[in-house]
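2 protein chains.
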Amino acid sequence: MTLDRRSGCPINLSLEVFGDRWSLIILRDMIFGGRRHFRELLNHSMEGIASNILADRLKRLVELGMLTKADDPTHKQKAIYSLTEMSITLVPIMAQLGAWGRVWLPVTEDLSIRAKLLEEGGPSLWQDFMDELRFEHLGIGTPKPADATVRAKLQAAYQAVVDAQTRKAS
Amino acid sequence: MTLDRRSGCPINLSLEVFGDRWSLIILRDMIFGGRRHFRELLNHSMEGIASNILADRLKRLVELGMLTKADDPTHKQKAIYSLTEMSITLVPIMAQLGAWGRVWLPVTEDLSIRAKLLEEGGPSLWQDFMDELRFEHLGIGTPKPADATVRAKLQAAYQAVVDAQTRKAS
DNA sequence: CCAAACTGCTTGCATTTTGCAATTGGTTGA
DNA sequence: TCAACCAATTGCAAAATGCAAGCAGTTTGG
């Protein structure tokens, strides 16, 4: 997979990599949702990605160096997708995108609590999160206690909002 | 123009607004290139946007509240497009996108010097630049001397690189 | 005063991408 | 053995994109 190379402008080239409706959604689900398998990405997709589009984008992202694909030793047909340093460093972009969307678009409270925490945490939290991802996906660095991870905190906050909404609705 | 609303996730909604190959390119040319007219955007487009796509995206961006359109008093057929606060606050996203692209993609030196300066300037430079845009496009705040603007500095740096390349080539 | 150039689009048409549902060939666990 | 699960693939309709040409009106230069 080569880029179009319409121009050597960094913004243009970035758009050629993930300027479509699905690539960043997949990466978001891997980064924040911890998904590693095709089925996880397909069945838990909040936006309902189709299997052919998912297959196509995963292939493309692997070819572009944003993901790597490996066999899952526990299942001959399962593939494990991993983030690369290239995709891990999208975290600041995701954070800015989330912060902007929270201000200007009709986001729902449950789905935007993570973006809020990421925004409030600022660059140092982003770094911590990226370090976690490096450990999980690249095997670099040292592990943290499972409940001390940034992702666990984001997930806990999300669950708290969902629980509060459920109580209110009942 | 309404969003698809595939989900209320801020990243998803942001992608529904500018997750295509052209919207951010147009906004980049308005923000960094100072373009305000259809023909400017069409004829100086580095990536060669087609006129029907440009017309469609401008219409869409106006409907989404990212741009406003007004008559140009100097020419009955000219329209002036202005950024809104919604699009001015894309500057941090553009900066992060540029920074990421500079690291990971085959950018050219001339077209990435602006991204480099924006990255080095950090959030305080982004704020200055957004204030300039607010003055230019919204008439808010106070003007700066024309040669003291962030855009003028970015442009001067770009020109310096182009000149250096030209000398080297000759 | 008139022709040429310019204004923001629009149209027609071919190509490409997307979305959806069903299906494939194989693997796994009970 | 057999149902459930695996990562895709296929066929097809619909939508988006890209390209070239055209449009009616406006301004400019001679």
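Going down the list, the protein sequences come from chains A and B.
Numbered according to this note's numbering, the first sequence spans residues -13 to 156.
Numbered according to this note's numbering, the second sequence spans residues -13 to 156.
Cβ atoms here follow ideal geometry from the backbone N, Cα and C, with glycine treated the same way.
Proximity of residue i and residue j at Cβ, strictly below 9 Å
i       : j       : result
A:L119  : A:L69   : yes
B:V136  : B:F115  : yes
A:G5    : B:R(-8) : no
B:I(-3) : A:L(-1) : no
A:V3    : A:L40   : no
A:G108  : A:D117  : no
B:L97   : A:C(-5) : yes
B:I66   : B:H23   : yes
B:Q145  : B:E95   : no
Any C-beta of chain A under 9 Å from that of residue i
i       : result
B:D120  : Checking the sequence shown, residue 120 of chain B turns out to be Arg, not Asp. For B:R120, the answer is no, since every Cβ of chain A falls outside 9 Å of its Cβ.
B:L76   : yes
B:A150  : no
B:E106  : no
B:E26   : no
B:N(-2) : yes
B:V48   : no
B:Q82   : yes
B:A101  : yes
B:I66   : no
B:G51   : yes
B:S87   : Position check: residue 87 of chain B holds Gly in this sequence, whereas Ser was assumed. It does: the Cβ of B:G87 has a partner Cβ on chain A nearer than 9 Å.
B:I11   : yes
B:M16   : no
B:L44   : no
B:L69   : no
B:R22   : no
B:L203  : Absent from the model: residue 203 of chain B. The displayed extent of chain B is -13 to 156, so no value can be given.
B:D133  : no
B:R153  : no
Below-9 Å beta-carbon distance, residue i vs any chain B residue
i        : result
A:Q113   : no
A:I39    : no
A:E158   : The displayed coordinates of chain A run from -13 to 156. Any statement about residue 158 of chain A would go beyond what the structure contains.
A:S110   : no
A:V3     : yes
A:L(-11) : yes
A:T94    : yes
A:M116   : no
A:R137   : no
A:I126   : no
A:D57    : no
A:L97    : yes
A:S174   : This structure leaves residue 174 of chain A out entirely; chain A is present only between -13 and 156.
Bridge partner(s) assigned by DSSP for residue i
i     : result
A:D57 : A:A65
Rounded separation between residue i and residue j - CA only
i      : j        : result
B:L44  : A:P129   : 48 Å
B:M52  : A:L91    : 11 Å
A:D142 : A:D133   : Just to set this straight, residue 142 of chain A is Ala in the shown sequence, not Asp. Going by the C-alpha atoms only, they are around 9 Å apart.
B:S110 : A:R25    : 43 Å
B:Q113 : A:M80    : 20 Å
A:R46  : A:W8     : 12 Å
A:K154 : A:T60    : 42 Å
A:N38  : A:D58    : 21 Å
B:K102 : A:A36    : 38 Å
A:Q82  : B:S156   : 42 Å
B:K64  : A:Q63    : 60 Å
A:H123 : A:D42    : 21 Å
A:L27  : A:L(-11) : 25 Å
A:R100 : A:M32    : 15 Å
A:T54  : A:E106   : 31 Å
B:G125 : B:V93    : 34 Å
A:P131 : A:E71    : 22 Å
A:A56  : A:V48    : 11 Å
A:A138 : A:L1     : 30 Å
Residue i CB to nearest heavy atom of the ligand SAM below 8 Å
i      : result
B:A150 : The ligand SAM is not among the ligands present in this structure, which contains no ligands whatsoever.
For this session: Tell me, please, whether the region 83 to 103 of chain A touches the region 71 to 81 of chain B by the rule of three or more beta-carbon pairs shorter than 8 Å.
Result: yes
Exercise. How about the region 10 to 19 of chain B and the region 18 to 33 of chain A: do they share at least three Cβ pairs that are nearer than 8 Å?
Worked result: no
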